[in-house]
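S.K.: Letter 202 of the sequence shown, counting from 1, is numbered 202 in the working numbering, and no numbers are missing.
Each residue gets a CB set at the ideal place from its N, CA and C atoms; glycine is no exception.
Keep in mind that this is a model prediction, so the values were computed, not measured.
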Amino acid sequence: PYGLALINDQLYVANQDAVVQFDYQPGQTTASGPARKLTDLPHTVNHHWTKSMTASPDGQFLYVGIGSNSNITENGLEVEADRARVWEIDAKSGAHRPYATGLRNPTALDILPGTDQLWAVANERDELGPRLVPDYLTSVQDGEFYGWPYSYWGQNVDPRVKPQQPDMVAAAIAPDYSLGSHKAPLGLAFSTATMGDKFSEGAFIGEHGSWNRSDPAGYKVVFVPFSNGKPAGDPLDFVTGFQGEDGKTRGRPVGVTVDPEGALIVADDLSNTIWRVTPTQ
1 PYGLALINDQ LYVANQDAVV QFDYQPGQTT ASGPARKLTD LPHTVNHHWT KSMTASPDGQ
61 FLYVGIGSNS NITENGLEVE ADRARVWEID AKSGAHRPYA TGLRNPTALD ILPGTDQLWA
121 VANERDELGP RLVPDYLTSV QDGEFYGWPY SYWGQNVDPR VKPQQPDMVA AAIAPDYSLG
181 SHKAPLGLAF STATMGDKFS EGAFIGEHGS WNRSDPAGYK VVFVPFSNGK PAGDPLDFVT
241 GFQGEDGKTR GRPVGVTVDP EGALIVADDL SNTIWRVTPT Q
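1) Give the C-beta separation of residue 146 and residue 172 to the nearest angstrom, bearing in mind that I take them to be a contact with Cβ-Cβ under 8 angstroms.
2) Hey, which unbroken runs of the alpha helix (DSSP H) at 4 residues or more fall wholly within the region 161-216?
3) Indicate whether residue 148 and residue 184 have their beta-carbon atoms separated by less than 9 angstroms.
4) Just checking, does the region 67-74 make contact with the region 31-47 on the three C-beta pairs under 8 angstroms criterion?
5) State the Cα-Cα distance for the pair residue 141 and residue 100, rounded to the nearest angstrom.
6) Given a threshold of 16 other Cβ atoms within 10 Å of its Cβ, counted over all protein chains shown, does residue 104 qualify as buried or as exposed?
7) Flag this pair as touching only if the region 187-194 and the region 257-264 have three or more C-beta atom pairs under 8 angstroms; answer yes or no.
8) Determine, using beta-carbon pairs with one atom in the region 266-278 and one in the region 229-249, whether at least three such pairs fall under 8 angstroms.
9) Which residues in the same chain have their Cβ closer than 8 angstroms to the Cβ of residue 182, if we skip the five residues on either side of it in sequence?
10) Kindly list the residues whose CB is nearer than 6 angstroms to the CB of residue 199, restricted to its own chain and excluding five residues on each side of it in sequence; keep chain order.
11) Mind checking residue 245: buried by the 16 CB within 10 Å criterion, or exposed?
12) Give the straight-line distance between the Cα atoms of residue 94 and residue 138, rounded to the nearest whole angstrom.
13) Is the Cβ of residue 24 closer than 9 angstroms to any Cβ of chain B?
14) Closest to residue 169 by C-alpha separation, out of 180, 152, 178 and 177, would be which residue?
15) What does the alpha-carbon distance come out to for the pair residue 227 and residue 124?
16) Helix, strand or coil: which one does DSSP assign to residue 78?
17) Out of 107, 115 and 59, point me to the one whose CA is closest to residue 85's CA.
18) What is the DSSP secondary structure of residue 126, counted as helix, strand or coil?
19) Could you tell me the alpha carbon to alpha carbon distance between residue 2 and residue 166, rounded to whole angstroms?
20) Ordered along the chain, which non-local residues of its own chain (more than five positions away) have a Cβ less than 8 angstroms from that of residue 229?
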């Protein structure tokens with residue numbers, strides 16, 4: 001299991017192979033009955049297995065991020081069916097459609113508060129060097145194509161991908177905001193006013209950290225300030241110390257969320273710890 005979403009009295013869980021649901025009541029900490037399958041998900045694994053998920057504000061739809069089955073289709077296009085995209089799933093019937101495509105690995109999804117706009121963080125492709133390709137934060141636009149595998153950051157062609165499809169490259173749109181290369185963002189949560197003025201409007205992002213750079217990047221939670229519904233300014237370090245100056249890695253942020261009191265919850269899959277971050281009094 002990876003993604004979770006709560007709609008009224010139904011708790012939805014995105015497993016590797018399916019979205020399932022449980023009956024839920026506030027305060028409940030264990031399942032009261034067996035899971036019921038809502039819909040199958042692509043699950044043959046050569047590469048990305050995680051399935052991120054969030055719900056639309058009206059509770060009608062679930063959005064599920066499904067990563068590619070390769071870096072750049074080196075395993076063949078046939079294993080990429082219905083992958084590298086965000087699905088929109090009817091929360092009642094399980095009927096689904098591709099909402100946006102060409103996102104190599106959309107690892108976390110959230111809705112910008114006060115809107116219906118879906119946002120995602122995505123892990124881009126590897127093996128083009130330490131400075132390419134930027135992982136990103138982006139609004140997810142219905143019906144749009146974000147480039148993978150043919151191009152990156154809009155219409156920058158990846159020459160390793162053959163055969164190319166110029167029509168697909170021409171249709172590719174650029175994401176909204178670069179997080180930097182190989183930082184591996186895995187968590188996304190929009191802030192509330194509880195964190196104080198400096199952090200009241202924007203997105204918290206958990207950066208799991210690089211594996212293929214001589215100078216490590218990520219290994220922290222950053223805050224991307226927003227203005228008028230868009231990123232506005234450089235990311236700010238919010239939680240650091242997961243990797244020390246001695247080079248030792250003591251933690252790796254994964255999921256982030258904001259609890260009912262407005263504190264930030266951070267999951268760390270290296271130390272197997274859940275951290276709770278509140279404003280300094």
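M.R.: Reading from the atomic positions:
1) 6 angstroms
2) 166-171
3) no
4) Segments in contact, yes.
5) The straight-line gap from Cα to Cα measures roughly 6 angstroms.
6) buried
7) yes
8) The region 266-278, when compared against the region 229-249, does touch it at the 8 angstroms Cβ threshold.
9) 126, 130, 135, 210, 211, 212, 213, 217 and 218
10) 191 and 223
11) Residue environment analysis places residue 245 among the exposed positions, since fewer than 16 neighbouring C-beta atoms fall within 10 angstroms of its C-beta.
12) 26 angstroms
13) Of the chains in the structure shown, none is chain B; there is only one protein chain.
14) 152
15) Near 25 angstroms, if we compare the C-alpha coordinates of residue 124 and residue 227.
16) DSSP places residue 78 within a helical segment (H, G or I) once states are collapsed to three.
17) Considering only alpha carbons, the answer is 107.
18) In the three-state scheme derived from DSSP, where H, G and I count as helix and E and B as strand, residue 126 is classed as coil.
19) 35 angstroms
20) Sequence-distant partners of residue 229 (beyond 5 residues in either direction) whose C-beta falls short of 8 angstroms from its own C-beta, in its chain, are 112, 115 and 117.
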